[in-house]
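K.L.:
Protein chains in written order, with the working numbering: chain G, 1371 to 1795; chain X, 1371 to 1795.
Set out below in structure tokens:
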């Protein structure tokens, strides 16, 4: 187990990850021991770890998975490959189709990035109705995924009687929009029972210890619209998640905390800072945040606006949003687009994160030097998506060495000449 | 002239604009008199005015115009129509092609939004070399544009000996990237002369008074990369622009101040607040700001990240950036995409601007209510781009009333049923 190994000293994984992050391995080791950095990797899998958390570069996750309407596991594996090709640091399988095992098994066999799942989807699919699953189904699904090599699992343990009573008191427009959260709430209300993952969290930790499975504490109370954001139900859940983080740490289980959804732009800073504080600096994994509800078809961009700001305030791990959010299961093209744009948000965050800014700014500087020299090949090479940049410029060619926007009136050229002539005099 | 009329009392334009903004006409009248709001409209043109500035909704501008490589005025007029169809509040003609008059004349004849130009482009094109234009050419171009009905002109009067000396002292990587700024600097250095627009600013104001032409004070020192951002040359120019705003106000000439370009995400707030302070609250018109240099092909999104934050801090007017920024002259599709995405940034800003947030949030709420009812037609109707939203959902159909992402496992449906059953008991 990573935390236990780290307590003894440096490991190869820690040394390699520290190198990738450009930080001191000893510092990384201490951050892992304190629980501020996680490096999800199942004991049964082997791939280059990625460090997620304080002082690390901002990571991004891509969601794939079948649905009842689009039940093609091979297509979902293709999407996962596209996401990793374009820079995803992790992939989650959210399958709810008929063959619920295929994508997960394909991913754990093939992917060289951490693979995550939401075992409650699997448990729910074992019965015709979600409410008919048993608490054994829930824990067995976790164990099954862990045994197969899954590196991190989302567990909605913050949905409990306490947070649901807050939700009912402080009525929301969209109540719960987290799918796993909705399963849990529906199950609890129907069976008049506490959430097994909350009630028997210790049992979950025993399973996690066996495989060094990272627990990603799901935000079942994630707000589904601007009007529901940052309310008492959400904070009640965060308090619970913070307590569960402490329990994970006591058992040397790696943890991550999930958050946001829809958040007004001026509440992002407060929301991120509060989550970091209440969870004692746990690695923070955010969806979005989406800063408006009125742009379906563009929610990847809305999420990049929110994600950039959240990253600036300390979010560590951004879950990509695609153009089809709120509308449909994404296509492979949507996944590519979503990955690139989330990567941009992560980079923007890194340009201002104290421990990452020098490295991130150096990338911007290198691009600008290439731009000042009108060195187009260099620019394509440094671009987040050089293929698209090349395509735009080359399909609208120019007779000048600049581009077709200004041609011979390129400001960069004009000023360079003017300054050179000025110096000659 | 608007300011002089406003000093006498309410006008029809002020009453209509106040209604559009959802604010008190008397308040708008005071903001116009103080110079904190401008409503660019040439005395020779008639169209519904748009109010730009403090307490107003965030406006957006689209740039069109021919270049040497793509010299097709009809195509540029088409782009302007696309921009307005998708919500642009103003259009600027930045033509530098051979027939430099065609687009401008087409726009002032046809557009029912404010039309802006950069007369120095026109002046520069009167000679083979930019440095050969005369100061008469510069002022005559302004007069010609004003006479033809142009509503606002960008004047790079902040490029002067003072700001250029700062630029030389505090060496930049990309020096000047503003095209008009580069013409001005090249001209000044070559002719060893002060900038005529700065030196004879009073003469410019006389022309402006004749037509109620709004002066948009260009940011020739706009930084062209992250490394050059927010430096002494830029602040020197802002100080000058602030002084020129005061001169405009003394002569009842409407003014706008232009700013940013490339700015690190954590400097946007400071930059916007400083500009607002140093210009005594002049309407602030920003390009971007672009928060990274490494995403050519996606600069419209990079600009929306920066624009949303700038708007939150008080920017009033966002100039759209298209996917082809830094690479090529945009296509009509680029203009459509850029307009929609800039519109999203403007809306996000409005959700937190004190005087606009109630109206903006009501739009988000209405969408979320439609979402909670799974009322898809209503959602398409309320979306910033309903056509795209409909296309995404309808090309990936579902057998459920929800969408193909979750199908029968839609969280909204599940929770609604669970809560209803719970209440029944």
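We treat Cβ as the ideally placed atom computed from N, Cα and C, and that holds for glycine. On a predicted model such as this, the values are computed, not experimentally measured, just so you know.
If distances are taken between C-alpha atoms only, which option among 1492(G), 1452(G), 1598(G), 1536(G) comes closest to residue 1524(G)?
P.N.:
1492(G)
K.L.:
Just by C-beta distance, which residues in the region 1549-1561 of chain X are closer than 9 Å to chain G?
P.N.:
1549, 1550, 1551, 1552, 1553, 1555, 1556, 1557, 1558, 1559, 1560
K.L.:
Assuming residue 1653(X) and residue 1423(X) are in contact, meaning their beta carbons sit under 8 Å apart, how far apart are those beta carbons, in whole angstroms?
P.N.:
4 Å
K.L.:
Residues of the region 1778-1790 of chain G with a CB closer than 9 Å to any CB of chain X: list them in chain order, please.
P.N.:
Listed by position, the residues of the region 1778-1790 of chain G near chain X (Cβ gap below 9 Å) are 1778, 1779, 1780, 1781, 1782, 1783, 1784, 1785, 1786, 1787, 1788, 1789.
K.L.:
Quick check on the DSSP output: the alpha helix (DSSP H) that includes residue 1561(X) runs from which residue to which?
P.N.:
Unbroken alpha helix (DSSP H) run through residue 1561(X): 1549-1561.
K.L.:
8 Å is my cut-off, CB to CB: does residue 1450(G) come that close to chain X?
P.N.:
no
K.L.:
Whose C-beta lies closer than 8 Å to the C-beta of residue 1709(G) among residues of the same chain, with five residues either side of it excluded?
P.N.:
Within the same chain, residue 1709(G) has close Cβ partners 1430, 1432, 1452, 1453, 1456, 1457, 1458, 1690.
K.L.:
Counting only beta-carbon atoms, is residue 1438(X) nearer than 8 Å to chain G?
P.N.:
yes
K.L.:
Could you give the first and the last residue of the continuous alpha helix (DSSP H) run that contains residue 1491(G)?
P.N.:
1489-1494
K.L.:
Give me the chain X residues within the contact set of residue 1544(G), using Cβ-Cβ distance strictly less than 8 Å, ordered along the chain.
P.N.:
1738, 1741, 1742, 1782
K.L.:
Between residue 1709(G) and chain X, is any beta-carbon pair separated by less than 8 Å?
P.N.:
Chain X, which has no Cβ nearer than 8 Å to the Cβ of residue 1709(G), makes this no.
K.L.:
Measure the C-alpha to C-alpha separation of residue 1725(X) and residue 1656(X) and round it to an integer number of angstroms.
P.N.:
Spanning the two alpha carbons is a distance of roughly 20 Å.
K.L.:
Under 8 Å: do the region 1659-1672 of chain X and the region 1751-1762 of chain G share three or more Cβ pairs, one atom per stretch?
P.N.:
Touching, yes.
K.L.:
Beta-carbon of residue 1775(G) versus every beta-carbon of chain X: anything under 8 Å?
P.N.:
yes
K.L.:
Report yes if the C-beta distance between residue 1625(X) and residue 1660(X) is below 8 Å; otherwise report no.
P.N.:
No.
K.L.:
Could you compute how far the alpha carbon of residue 1556(X) sits from the alpha carbon of residue 1628(X)?
P.N.:
20 Å
K.L.:
Just to confirm, is the Cβ distance from residue 1596(X) to residue 1634(X) under 8 Å?
P.N.:
yes
K.L.:
Tell me the residue span of the alpha helix (DSSP H) that contains residue 1373(X).
P.N.:
In the DSSP assignment, residue 1373(X) falls within the alpha helix (DSSP H) that extends over 1372-1378.
K.L.:
Counting only Cβ pairs nearer than 8 Å, list the residues of chain G close to residue 1404(X).
P.N.:
In chain order: nothing, as chain G lies at least about 26 Å away.
K.L.:
Between residue 1531(G) and chain X, is the shortest Cβ-Cβ distance under 8 Å, so that the two count as touching?
P.N.:
no
K.L.:
Residue 1769(X) versus chain G: which residues are under 8 Å apart at the beta carbon?
P.N.:
Simply 1438, 1439.
K.L.:
Is the Cβ of residue 1524(X) closer than 8 Å to any Cβ of chain G?
P.N.:
no
K.L.:
Quick one: is residue 1635(G) near chain X, going by C-beta distance under 8 Å?
P.N.:
yes
K.L.:
According to DSSP, which residues form a beta bridge with residue 1632(X)?
P.N.:
1660(X)
K.L.:
Within the continuous alpha helix (DSSP H) that includes residue 1416(X), where are the two ends?
P.N.:
Counting along the chain, residue 1416(X) falls outside any alpha helix (DSSP H), and DSSP gives it neither H nor E.
K.L.:
May I ask you to report which of helix, strand or coil DSSP gives residue 1423(X)?
P.N.:
strand
K.L.:
In three-state terms, what does DSSP make of residue 1429(G)?
P.N.:
strand
K.L.:
Which residues, taken in chain order from the region 1653-1671 of chain X, show a beta carbon closer than 9 Å to some beta carbon of chain G?
P.N.:
Result list: 1661, 1662, 1663, 1664, 1665, 1666, 1667, 1668, 1670, 1671.
K.L.:
Specify whether the region 1684-1702 of chain G and the region 1767-1777 of chain X touch according to this definition: at least 3 beta carbon pairs, one from each stretch, less than 8 Å apart.
P.N.:
yes
K.L.:
Any Cβ of chain X within less than 8 Å of the Cβ of residue 1497(G)?
P.N.:
no
K.L.:
Within the 8 Å Cβ cut-off, does residue 1678(G) reach chain X?
P.N.:
yes
K.L.:
Would the region 1783-1794 of chain G count as touching the region 1382-1390 of chain X if we require 3 or more Cβ pairs under 8 Å?
P.N.:
no
K.L.:
Under 8 Å between C-beta atoms, does residue 1602(X) make it to chain G?
P.N.:
Interface annotation, residue 1602(X): not in contact with chain G, CB-CB separation never under 8 Å.
K.L.:
List the residues of chain X whose Cβ lies closer than 8 Å to the Cβ of residue 1753(G), in chain order.
P.N.:
1664, 1665, 1666, 1667
K.L.:
So with CB distances below 7 Å, who are the chain G contacts of residue 1697(X)?
P.N.:
1759, 1762, 1763, 1773
K.L.:
Classify residue 1615(G) as helix, strand or coil using the three-state DSSP reduction.
P.N.:
helix
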